[in-house]
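Numbering (the numbering used here), first residue to last: 6 to 553. Note that the Cβ used here is the ideal one computed from N, Cα and C, for glycine as well. Reading through the structure tokens given below for one structure.
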Amino acid sequence: TPRLFSHYSPQGACEHCHGLGVSENKKGEPVICPACKGLRLNPTALAVTLDFGGKELNLGDFCQLTVEENLALLSTLRIPPAFAEALQTAVAELQRRLSCLAELGLCYLSLGRATNTLSGGELQRARLAGQIGGGLSGVLYILDEPTIGLHPRETAMLINALKRLRDKGNTILVVEHDPLLLAAADLLVEMGPGSGPDGGSIIAIGTYDELLQNEASPTGAWLAGKCRYAESESPDVTACDWLELRGASARNLKNVTLRIPLGAFTCMSGPGGSGKSTLIHECLLPALKAGKVRGADKVSRAVLLDQSPLGSSPRSTPATATGLLDVLRPLYAALPLSRQRGYTAGRFSLNVRGGRCERCTGTGFLQVDMNFLADLYTPCDACHGARYNRETLEVTWRGKSIAAALAQTVDEALEFFAPIPAAVGILQAMHDLGLGYLPLDPSVTTLSGGEAQRVRIATYLAKAAPKRGRREGEHLLFVLDEPSTGLHFREVDMLLRALYRLRAAGHTVLCVEHHSGILSRADYWVELGPGAGHNGGNIVYAGAPREQ
């Protein structure tokens, strides 16, 4: 029965690893399961094979191959006449689903690859392939930023797939900023005009051409070319010192040599699965840390500015993440009432006893265990969400306690803390990155990936400002992975200006990106490819930016 060939079922799963494909050795380290050799199925399931042109493969072997290899093998499948009619439908269905994966640019993935190893874009496209292959109609599909991590060539594949779904009688709703996808839409709806409290309205609706001519549409102005991304004078890369990584060969990389000009803005692009992330995260950064990169002595350290959460503690906020609270705590500790009571800067910390509310331990809310349901969070009945105790809140500066000051948005706080240069530097950096609407006190766990990344950038941007200065001789390598994800054209422009400032402060910026606006403003460009999987892994271009 089908259960025998499922590693999720006790009937089919390997008894040694329970269908995981990995087990632990005597030292507790994960290793490939010695019983099933990572194929996840038990011996009975693995004993059943199909004949692919004289090559006998069981289901585990078939799933170890890529989609591209699977499609090629299907054409060689030998089916005994007695089973031909029974298998005809199954083979046709398999052919259709594999073709959908290939058409969405996922031909380099193996069918047995764990989903937790896929990028967000790969997982979304895999799910989309399942829907296309399923042949449903009358369905509303909602996609959130489906072009994340996609090369323009792959975006074209995605557009064709979405049109096929539409043509089957389905409705497609996409949240997106990619110009190619916007141009392919039947109808565009624009929200705005700003972010946070300045947004929340539909400001334009119509076809692509109608949006281009709509004076009230900021998006239309960018798409029509009325607005242009900021430019900055590029350094002469031929005169720069260089980082050089030789012999990178992990996964599909084919012994490549990566060179990055120091003190410049470099972009790396290429199709999904071409080896970009492997080259950066598995080769460059570890080698740089180990000092195995030529020119590494000229770089103080590498800083990864990705879209991962800023932390898991509910006490961590944008104010703590940027260091703003470290500026404000001494300020409040120096006030007359604080000095009279003997309060130190630690009194205004949320991580230690003394000034915080102990009922909620400085989180501002209480966690209610709902047994078999998800936990419920309610505002703290002692501090009512202020996080600090009553005595601490009695200390005010310009009429506001530290809790009230942190309850302001970035733009409000920028005006309120105008007399404090160190605070202004941090707040101005956040404002310049389009975060003026963001309150300073929410838990960082509530921020989007794009917001978290921009908070990280703002932290270093403030340190790079001339008034704050930086340690003599410090040279940082900033690595950003798809920083344009979720950003409007105007916010991309703000991001570019921030990257220019980091470069002007003497740092090196390396961006993995496909956004044409960002690529066109790079000082140096590295492209991997020409394809994905075993068809990638080469540096096919390195030099000045060029048209894609």
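Since residue i sits in a beta bridge, which residues does DSSP pair it with?
i: Glu195; result: Ala209
i: Trp247; result: Pro266
i: Trp227; result: The partner list for Trp227 (beta bridge, DSSP) is empty, contrary to what the question assumes.
i: Pro444; result: Thr414
i: Thr383; result: Leu371
i: Val517; result: Met273, Asp486
i: Phe57; result: Lys60, Leu82
i: Val36; result: Ser28
i: Glu532; result: Ser274, Tyr546
i: Asp311; result: The partner list for Asp311 (beta bridge, DSSP) is empty, contrary to what the question assumes.
i: Val299; result: Checking the sequence shown, residue 299 turns out to be Arg, not Val. Answer is Glu249.
i: Ile147; result: Leu178
Is it buried or exposed, residue i, if we count other Cβ atoms within 10 angstroms and call 16 or more buried?
i: Tyr348; result: buried
i: Gln218; result: exposed
i: Met375; result: exposed
i: Tyr2; result: Past the edges of the chain, shown from 6 to 553, lies residue 2, and the structure says nothing about it.
i: Arg476; result: Model confidence at Arg476 stands at a pLDDT of 49, short of 50, so the residue's coordinates are unreliable; what they give is reported in the following sentence. Flag for Arg476 reads exposed.
i: Pro384; result: exposed
i: Gly140; result: exposed
i: Ala253; result: buried
i: Phe88; result: exposed
i: Lys281; result: buried
i: Thr176; result: exposed
i: Leu64; result: buried
i: Phe377; result: exposed
i: Ser206; result: exposed
i: Arg526; result: buried
i: Gly455; result: buried
i: Lys472; result: Note that Lys472 scores 41 on pLDDT, short of 50, meaning its location in the model is unreliable and no value can be drawn from it.
i: Phe260; result: The question names Phe, but residue 260 is Asn in the sequence shown. The residue is exposed, with fewer than 16 neighbouring Cβ atoms inside 10 Å.
i: Cys19; result: buried
Looking at the structure shown, is residue i part of a helix, part of a strand, or coil, going by DSSP?
i: Phe377; result: coil
i: Pro7; result: helix
i: Cys365; result: coil
i: Ile407; result: helix
i: Gly252; result: strand
i: Ile543; result: Going by the sequence as given, residue 543 is Asn instead of Ile. The answer is strand: DSSP assigns Asn543 an E or B state.
i: Thr401; result: strand
i: Ser525; result: helix
i: Thr349; result: coil
i: Arg306; result: strand
i: Ala221; result: coil
i: Thr71; result: strand
i: Ala391; result: coil
i: Ala52; result: coil
How about residue i and residue j: do their beta carbons lie closer than 8 Å?
i: Ala307; j: Leu293; result: yes
i: Val400; j: Leu340; result: yes
i: Gly17; j: Leu9; result: yes
i: Gly439; j: Glu150; result: no
i: Leu482; j: Val304; result: yes
i: Thr397; j: Phe353; result: yes
i: Gly369; j: Arg392; result: yes
i: Gly541; j: Trp530; result: no
i: Thr513; j: Gly296; result: no
i: Leu155; j: Leu167; result: no
i: Asp191; j: Tyr442; result: no
i: Ile425; j: Ala467; result: no
i: Arg320; j: Leu355; result: yes
i: Val194; j: Leu186; result: no
i: Asp486; j: Thr271; result: no
i: Ala410; j: Leu330; result: no
i: Leu109; j: Leu133; result: yes
i: Tyr234; j: Gly522; result: yes
If you draw a straight line from the C-alpha of residue i to the C-alpha of residue j, how long is it?
i: Pro198; j: Phe494; result: 13 Å
i: Ser274; j: Thr262; result: 16 Å
i: Ser11; j: Ser279; result: 31 Å
i: Thr54; j: Glu127; result: 29 Å
i: Ala221; j: Ile210; result: 10 Å
i: Leu335; j: Ala326; result: Looking at the sequence itself, residue 335 is Pro, so the reference to Leu does not match. Those two C-alpha atoms are separated by around 17 Å.
i: Ser124; j: Ala131; result: 11 Å
i: Gly43; j: Val517; result: 32 Å
i: Leu289; j: Leu507; result: 20 Å
i: Gly277; j: Gly359; result: 51 Å
i: Glu555; j: Ala77; result: Residue 555 is absent from the model: the chain starts at 6 and stops at 553.
i: Val298; j: Ala469; result: 25 Å
i: Leu62; j: Ile153; result: 35 Å
i: Asn257; j: His286; result: 14 Å
i: Asn47; j: Gly390; result: 54 Å
For residue i, would you say it is in contact with chain D, using Cβ-to-Cβ distances shorter than 8 Å as the test?
i: Met273; result: No chain D appears in the structure shown, which is made up of a single protein chain.
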